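Quick notes on the structure that follows.
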Amino acid sequence: ELTAASGKKGGIFTPTKEDYQKVYNEIAKTIEEKDDYDDGSYGPVILRLAWHASGTYDKGTGTGGSNGATMRFAPESSHAANAGLVAARDFLEPIKQNNPWISYSDLWTLAGVCAVQEMQGPVVPWRPGRQDHDVSASTPDGRLPDASKEQSHLRTIFYRMGFDDREIVALSGAHALGRCHTDRSGYDGPWTFSPTVVTNDYYRLLLEEKWNWKKWNGPKQFEDKNTKTLMMLPTDMALVKDKAFRQHVERYAKDNDVWFNEFRDALVKLFELGVPFTTKEDERWTFTPTHA
Ligand code: DDH
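Going left to right, the sequence shown walks through residues -13 to 278 as my numbering numbers them.
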């Protein structure tokens, strides 16, 4: 549907920033309306969709990344790492139907931005320009991190995308949000007591709680000694075991503003990996959160 805000050049619909803000608002409104999902928000699983769409990037070959939205198709949609993300894709489908001009790949990353902002996180600059590709652009399994592994695996996976140690730690704080589901990853439980609000609690809990192996039949994970209701993955604990990672955990635990800034910058980079933009970095937009 053409809106009053949209420009029309030579019969071709050229969406403006206002058109994207409208899509943003539609996502935000739907998150608010569908508040009976999980811990009360689709925000965490939407952010995870944006991350798994982007985190397949390989800087060596220039393949993968959010451009293409190839997770729409099997086998990528059924890669073990993507279990459960159909909930986020289905959530966004009616919004795509209302706004057929936006690509899935732009929609998924814009939704990631919206999820972070609506859950009271930092404002994350974003620009459009992703195009959807067919199944032939799909990436092989194994490009996303395996939670049962530790620091050398984290470095292999994230260095391949072009991130450094500081950015690995900054991005990992997204685990302040959401939870593990036994019917998806096999792991169980949330990382923090407020899984629908963006805070630096992940780093604080990593340092301040005592973490023990959980005694159960499921995959090896940690539980907090005090309440036994929180969890950490082996890859999460690697961030405090490894000296180079740990210094950033300590910085972020101490100062939420420092983390917000570095998390924002790392998310901007993540969502843009491998995208053939025709616009410049200083042409990014920021969208107004609905609660602002
Ligand atoms: Fe994560 N993540 N993630 N994660 N992630 C899971 C859930 C969520 C790893 C494994 C898991 C990032 C990094 C890593 C979110 C965001 C981000 C689950 C549970 C596993 C397992 C899935 C389930 O059972 O439903 C591993 C390993 C890493 C790593 O090695 C660094 C990053 C970088 C992000 C990001 O967004 C930038 C979010 C949000 C969730 C919660 C999803 C939900 O449904 O709730």
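Virtual Cβ for every residue (Gly too), placed ideally from N, Cα, C.
Nothing here was measured: the structure is a model prediction, and the numbers come from that model.
- If you check the C-beta of L192 against the ligand DDH, you find no heavy atom less than 7 Å away.
- Cβ contact annotation for T142 (same chain, cutoff 7 Å, sequence separation greater than five): none.
- A residue is listed when its beta-carbon falls short of 6 Å from at least one non-hydrogen atom of the ligand DDH; in chain order these are P30, V31, L33, R34, W37, G70, P131, A133, L140, L157, S158, A160, H161, L163, G164, R165, C166, H167, R170, S171, Y173, L219, T221.
- Per DSSP, the continuous alpha helix (DSSP H) segment holding W245 begins and ends at 242 to 258.
- G260 and L35 have their alpha carbons spaced roughly 17 Å apart.
- By the neighbour-count criterion, in which a residue is buried when 16 or more other Cβ atoms sit within 10 angstroms of its Cβ, N212 is exposed.
- Taking C-beta atoms as the reference points, S91 and R129 fail to come closer than 8 Å.
- For E104, the uninterrupted alpha helix (DSSP H) segment begins and ends at 90 to 104.
- Distance from the Cα of H119 is smallest, within the candidate group I81, A97, Q137, T56, for T56.
- In the three-state scheme derived from DSSP, where H, G and I count as helix and E and B as strand, D150 is classed as coil.
- Taken atom to atom, the span from the alpha-carbon of V226 to that of D5 is near 43 Å.
- Taking 8 Å as the cut-off, the beta carbon of R165 is found no closer than this to the beta carbon of A239.
- If you check the CB distance, V99 and F246 do not come in under 8 Å.
- When rounded, the separation of the alpha-carbon atoms in K3 and E194 is 43 Å.
- For L33, same chain residues with a beta-carbon under 7 Å away, outside a window of 5 residues either side, are G98, A101, V102, A160, L163 in chain order.
- Residue environment analysis places Q233 among the exposed positions, since fewer than 16 neighbouring C-beta atoms fall within 10 angstroms of its C-beta.
- Fully contained in the stretch 166 to 222 are the following alpha helix (DSSP H) runs of length 4 or more, in chain order: 187 to 194.
- Going by C-alpha positions, W197 is about 45 Å away from K266.
- With 16 or more other Cβ atoms from the protein chains shown falling within 10 Å of its own Cβ, N186 counts as buried.
- A distance of 8 Å or more separates the beta carbons of M217 and L192.
- Under the criterion of beta carbons closer than 8 Å, S134 and K206 qualify as touching, at roughly 7 Å.
- Across the set T215, T182, G204, D243, the C-alpha of T182 shows the shortest separation from the C-alpha of D24.
- Per DSSP, F59 lies in no alpha helix (DSSP H) and is assigned neither H nor E.
- Counting along the chain, the unbroken beta strand (DSSP E) around F(-1) starts and ends at -2 to 0.
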